[in-house]
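Here's the structure, in structure tokens; my notes come after.
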Amino acid sequence: MNLFIYFIRRLWGLVPTFIGITLISFFVMHLAPGEPMSIQADFNPKMTPEMRQRLRAQYGLDKPLYVQYLKWLKGLAVLDLGKSFAPDRRPVWDKIRERLPITLLINVLSLVLVIVVAVPLGVKAAVRHNSLFDQITTVLVFVAYAAPAFWVALLLMLYFGVDLGWLPISGIHSLMGYDQMPWWQKALDWAKHLILPVFVSAIGGLAGLSRYTRSSMLEVMRQDYITTARAKGVPEHEVVYRHALRNALLPLITILGLSLPGMIGGSVIFESIFAIPGVGQLMWTSVMARDYPVLMGNLVIVAVLTLVGNLLADIGYALADPRIRTGVQSDE
Amino acid sequence: MSRQVRHSLLRVFLANPLAISGITLVGTLCIIAVLAPWISPYDPQAIDTWHILEPPSAQHWLGTDTLGRDCLSRLIYGSRISLLVGFVAVGIATFIGAFLGGIAGYYGGKVDWVIMRLVDIMLCFPTIFLIMAVIAFLEPSIWNIMAVIGLTGWMGVARLVRAEFLSLRKRDFVLAARISGASDLRIAFSHILPNAIAPVLVSATLGVGGAILTESALSFLGIGVQPPTPSWGNMLTAGKDNLEIAWWLSVYPGLAILVTVLGYNLLGEGLRDALDPRSRERG
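Which chain is which? The protein sequence lines are A and B, in order. The numbers in the working numbering rise by one with no breaks, and the one at position 266 of the first sequence is 266. Whatever position you read off the second sequence (first residue = 1), add 1000 for the working numbering.
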């Protein structure tokens, strides 16, 4: 079985999951008690039953559910997710599209940070199993796992932003004089604003990935081929980084794929703390305003992104590990 | 489980420094939560406008908040919310997960396919997005929060239980139960499930920590436990609003969350080491 057929098969396998995602997004929104425009209606003292009825018809809420679902699905195919209930009445996709890049940028940067820092940490902890270094990183990992990210964000803002005054604590660029800055100063300004959000969103990943790398390395280091490599006199450094690490990293591809929803979910928290105009903040404001089309759009777009991320992880795995794409099972 | 096996498990558990610190932390926190009315120095709701935003002092060990309420007392009462949310949410998640995972693993085939696709689908949504979407329709209250965290957190347990069932369902004791005429449900949940309880227990313990973190994040965002009920998450909201003038409002509630979650995670890891010999080898 070559890679292309593998890819097609994986893609086909995702079809039911995709339909499920749209179904859940749709029904979560519609089976819940309360009417989508009740907020608008409740705050308007002049609202009469007739006007209410007209509003319902305008939003298509008087049709049977499956008709509404099919209509919504048809729109989804061309990224028409309806219009926001907010006073600006803008298309939902426009709102999401303009906020997606910053959220993705922060998540990608923190993913890079996680990989660059956590993998070497995990390898070192595994190679020096039970050493002082191993024990210290283990304790740090436990603390990082247990620390609420938004609290760490507050402490960092308190220290670097308020006490030391080194870093700005909100937004993605300065409000004053930003437009007059030359490009390199703009870039520097962005970087300063992004340090804290990127670091905060990386904490959980750092702890998780270094832990996985460590246990995966420990597992691999016990295999026979490592003993073989050592026996034929391969230098230890090469045994660790060429023979062991390559095999230990394989499961990490899947783990990174699975951690995607968690990372995007974290955006809600750090974007609201650092006032970053991304998808997470949009989600939060639309919950507060009960802006149903935006909520539904967010939910489905983020889930589809996750699905794509998992597919990419699967393909990465197949590229890295010939056993997967050829369908040959290793016997443990 | 023979007495000897149980004894050696207990020894492994007690020899594990992580597990010991975990059980100590969790035990202490449970005692604090139960004894809250007797050990809090003040009424957590008592407003004292003469003493607002006072830094930690001999009268108020952890300072006072924007309404002059004693932070230590609110922290102590907040532990009740955290424990309640942690246990109830995880209870719901474990119940659903064990049920669906058990059915999937026991019956296999189409039933298994449908349930596992449902798991895949649920795992595509960032949990907090799903929770927020549901919360948008409901009044944010502690009961809704617990239900929603539980309803969106059962997938891991379902996968675990299914995997255990797949390896257990061909065993002789299952055949024996079937021959003696036990019903499917009875075989699945009173014969097989008890044999799969160890990994479920570990994941539930770790899950309590996760649920407490989720609740605090939701309360922090203003869509969880609502003031004036003190929860560590909503206390941190006040901390954020007064970051520049009252550091103590930000520091202590977060520390309480950290210590509590740490306790459950350590306990969970310790249980895992004691119950699963393979993880002990791995170190």
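Glycine is no exception: its CB is placed at the ideal position from the N, C-alpha and C atoms.
Here Q281 of chain A is buried: its Cβ has 16 or more other Cβ atoms, across all protein chains shown, within 10 Å. Below the 9 Å Cβ cutoff, chain B contributes no neighbours of R242 of chain A, its closest Cβ being approximately 22 Å away. Look at the stretch 1260-1274 of chain B: the residues with a C-beta under 9 Å from a C-beta of chain A are T1260, V1261, L1262, G1263, Y1264, N1265, L1266, E1269. In terms of Cα proximity to V119 of chain A, the closest of A:V139, A:P197, A:K192, A:V240 is A:V240.
When C-beta distances to chain A are compared with 9 Å, the residues of the stretch 1229-1250 of chain B below that value are W1232, G1233, L1236, G1239, K1240, L1243, E1244, W1247, S1250, in chain order. In the DSSP assignment, L1160 of chain B falls within the unbroken alpha helix (DSSP H) covering 1155-1168. Around the CB of W183 of chain A, fewer than 16 other CB atoms lie within 10 Å, so the residue is classed as exposed. A direct Cα-to-Cα measurement between L1275 of chain B and L1009 of chain B gives close to 7 Å. Boundaries of the alpha helix (DSSP H) harbouring N298 of chain A: 292-320, taken from the DSSP string. Against chain B, a Cβ distance below 9 Å from R290 of chain A picks out A1136, F1137.
A straight line joining the alpha-carbon of L1262 of chain B with that of V114 of chain A spans about 21 Å. Under the three-state reduction of DSSP, D1120 of chain B is assigned to helix. For the pair of segments examined, the stretch 139-146 of chain A was found not to touch the stretch 1223-1238 of chain B: the number of CB pairs separated by less than 8 Å stays below three. By the C-beta density criterion, R89 of chain A is exposed, having fewer than 16 other C-beta atoms within 10 angstroms. Taking the Cα of M1155 of chain B as reference, the smallest distance to any Cα among B:A1033, B:A1182, B:I1115 is reached at B:I1115.
For P1199 of chain B, no Cβ of chain A is located within less than 8 Å of the residue's own Cβ.
Contact check between the stretch 299-317 of chain A and the stretch 1165-1183 of chain B: fewer than three CB pairs, one atom from each, fall below 8 Å, which does not count as touching.
In this structure, G1268 of chain B places its C-beta atom within 8 Å of the C-beta atom of L1206 of chain B. In this chain, the alpha helix (DSSP H) harbouring F1220 of chain B covers 1197-1220. With the rule of 3 Cβ pairs closer than 8 Å, the stretch 203-219 of chain A counts as touching the stretch 248-266 of chain A.
Spatial neighbours of S170 of chain A in its own chain (CB-CB distance under 7 Å, excluding positions within 5 residues in sequence) are listed in chain order as F274, A275. If the five residues before and after G205 of chain A are omitted, its C-beta is found closer than 6 Å to the C-beta atoms of V114, all from its own chain and listed in chain order. The beta carbon of G1108 of chain B sits closer than 6 Å to none of the beta carbons in its chain outside the five residues before and after it.
Taking all protein chains shown into account, A1015 of chain B has fewer than 16 neighbouring C-beta atoms within 10 Å of its C-beta and is therefore exposed.
For E271 of chain A, the uninterrupted alpha helix (DSSP H) run begins and ends at 260-273, by DSSP.
Per the C-alpha coordinates, the member of B:I1128, B:R1159, B:I1179 positioned closest to V287 of chain A is B:I1128. Below the 9 Å Cβ cutoff, chain A contributes P261, G262, G265 as neighbours of T1127 of chain B, in chain order. Exclusion of the five residues before and after F199 of chain A leaves S110, L113, L156 as the residues of its chain whose Cβ lies within less than 8 Å of its Cβ. Looking at the backbone, the Cα of M263 of chain A and that of I1179 of chain B are separated by about 49 Å. Non-local beta-carbon contacts of M1146 of chain B in its own chain, meaning distances under 6 Å to residues more than five positions away in sequence, involve V1085, V1088, A1089 in chain order. Excluding its 5 nearest sequence neighbours in each direction, I203 of chain A has C-beta neighbours in its own chain below 8 Å: A144, A147, A149, V152, listed in chain order. The beta carbons of F133 of chain A and A126 of chain A sit about 11 Å from each other, so the pair does not count as a contact at 8 Å. In the pairwise beta carbon analysis, the stretch 219-229 of chain A is classified as not touching the stretch 189-196 of chain A: fewer than three pairs are separated by under 8 Å.
For the stretch 1201-1227 of chain B, the set of positions with a beta-carbon nearer than 7 Å to some beta-carbon of chain A reads G1209, L1213, S1216, A1217, F1220, L1221, I1223 in chain order. Contact residues of the stretch 1150-1178 of chain B toward chain A are absent (C-beta to C-beta distance below 7 Å). If one requires a minimum length of 4 residues, the alpha helix (DSSP H) runs lying completely within the stretch 214-261 of chain A are 224-231, 245-258, in chain order.
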